[in-house]
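Numbering (my numbering), first residue to last: 4 to 240.
These notes are about the structure you will find just below.
Okay, here's the thing in structure tokens:
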């Protein structure tokens with residue numbers, strides 16, 4: 004099915020892909036005047052991290068436009084650079100890899116059914132403020148969820164996007180020379196049992212949820228990617 008999907012790339016999209024991004028195994032590519040949007044499907048965490056580093060360097064050197072990667076990861080737990088290792092619990096699934104990342108934030112889980120988004124954005128083109136950037140990401144997610152009639156919100160003092168007191172999207176970023184890396188993970192239909200192996204983002208008193216848990220409806224991941232792209236185009240002008 005993946006190969007069939009790749010074959011659906013129209014010729015115009017292929018022509019528009021910058022040669023600097025040919026190292027990516029791209030399923031879908033589109034762009035506007037300012038941003039490349041890339042859907043990669045399922046990608047190993049370490050491989051995706053190496054992709055980010057290469058693109059980050061290209062963006063810093065003004066060799067390509069800002070680029071946003073959309074993907075899913077196989078099961079993995081990741082620590083933020085200042086994470087408390089005690090938030091990974093002995094009850095976790097020991098077959099799941101644990102990786103130390105250089106993003107901000109605590110521990111989180113990634114896995115199939117979760118949309119992971121890595122915006123590699125030069126904030127000098129917008130607002131040189133990490134607070135502004137995180138708030139912008141939160142509203143990208145909030146307005147996306149509105150399209151599915153999900154009422155979500157920001158939680159004062161906490162990052163991420165929440166439905167009542169449960170987190171539906173986690174955010175962890177890195178900033179170097181005002182160019183961003185890492186990003187956010189939106190729970191579409193992951194297996195939430197994997198969250199029982201950790202204290203998500205180091206927050207004891209809140210749980211996690213997903214679009215599927217709230218609506219009991221399955222959505223194709225690429226449909227959500229397309230709606231996500233629209234929200235970025237509206238907010239990053």
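All C-beta atoms, glycine included, are put in the ideal place defined by N, C-alpha and C.
Using a Cβ distance threshold of 8 Å, residue 38 and residue 71 count as a contacting pair.
Inter-residue distance for residue 104 and residue 82 is about 6 Å (C-alpha atoms, whole angstroms). Going by C-alpha positions, residue 184 is about 18 Å away from residue 26.
Here DSSP, grouped into helix, strand and coil, assigns residue 220 to coil. For residue 189, the enclosing beta strand (DSSP E) has its first and last residue at 182 to 190. Nearest neighbour of residue 232 by Cα position, chosen from 58, 53, 144, turns out to be 144. Taking the Cα positions, residue 66 is about 35 Å away from residue 222. Distance from the CA of residue 228 to the CA of residue 128, rounded to the nearest whole angstrom, comes to 24 Å. The shortest CA-to-CA distance from residue 52 to any of 63, 99, 176, 146 is the one to 176. Only residues of its own chain outside the window of five on either side were considered, and among them 199, 200, 201, 202 have a CB closer than 8 Å to the CB of residue 92, listed in chain order. Per DSSP, the continuous beta strand (DSSP E) segment holding residue 172 begins and ends at 169 to 179. One Cα belongs to residue 167, the other to residue 41, and the distance between them is close to 31 Å. The beta carbons of residue 119 and residue 102 sit no closer together than 8 Å.
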